[in-house]
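Residue numbers (my numbering): 1 to 203.
Just so it is clear, CB atoms sit at the ideal spot from N, CA and C, and this is done for glycine as well.
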């Protein structure tokens with residue numbers, strides 16, 4: 001006898017799964033029953049991988065995380081929005097994108113990374129796999145600063161000098177990230193680009 005979860009329309013199940021923020025939880029929910037698995041494959045429209053939301057993903061070796069993302073994308077051809085956020089532990093290689101299937105249905109792509117090395121080459125490879133994307137969201141994860149200067153002290157003069165150095169470093173970091181993004185986006189004038197800057201405090 002079918003339970004309530006099995007009676008829902010496939011499109012509704014696909015929408016429910018698409019609203020699960022953490023990809024690992026979404027994948028687990030997709031094996032609830034046969035219909036949920038079918039909805040996952042045929043009607044999942046949003047997929048999000050975020051190192052900052054999932055400690056398990058954060059702890060995975062980079063090569064294993066690349067395989068997991070590639071496999072999941074391959075299983076969900078109906079995707080319309082793809083989000084990939086990676087922290088400074090993982091530096092994805094541009095070659096890893098070769099395994100991505102052609103994501104012709106993706107209209108919104110959101111990408112972000114804490115480390116700059118190789119990121120823009122990787123991002124451009126992802127873009128090429130999404131020929132019909134119309135909106136690109138670039139999420140800038142701003143580097144953590146606390147470890148650079150140590151703990152705050154109670155000396156007002158010292159703290160004022162420290163804050164000036166932080167602001168200078170902060171502005172230089174933003175300028176480098178933004179100029180790199182603008183340089184890449186000159187190749188894609190048809191895209192609507194949105195920049196999101198996120199200050200990531202020490203974890």
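Query	Result
Exposed unless 16 or more other CB atoms sit within 10 angstroms - verdict on residue 45	buried
Euclidean distance between Cα positions of residue 7 and residue 34	11 Å
Proximity to residue 106 [Cα-Cα], best of 80, 61 and 140	80
Spatial neighbours of residue 207 in its chain, beta-carbon cut-off 6 Å, leaving aside the 5 residues before and after	There is simply no residue 207 to check, as the chain begins at 1 and stops at 203 in what is shown.
Between the CA atoms of residue 110 and residue 124 - distance to the nearest angstrom	12 Å
Neighbourhood of residue 77 by C-beta distance below 6 Å, restricted to the same chain and skipping five residues each side	none
Any C-beta of chain B under 8 Å from that of residue 19	Structure shown: chain B not included; a single protein chain is present.
From 19, 135 and 64, residue whose alpha carbon lies closest to that of residue 185	135
Residue 50 versus residue 59 - alpha carbon distance	12 Å
Cα-Cα separation, residue 119 to residue 177	10 Å
Nearest residue (CA-CA) to residue 141, options 28, 128 and 84	84
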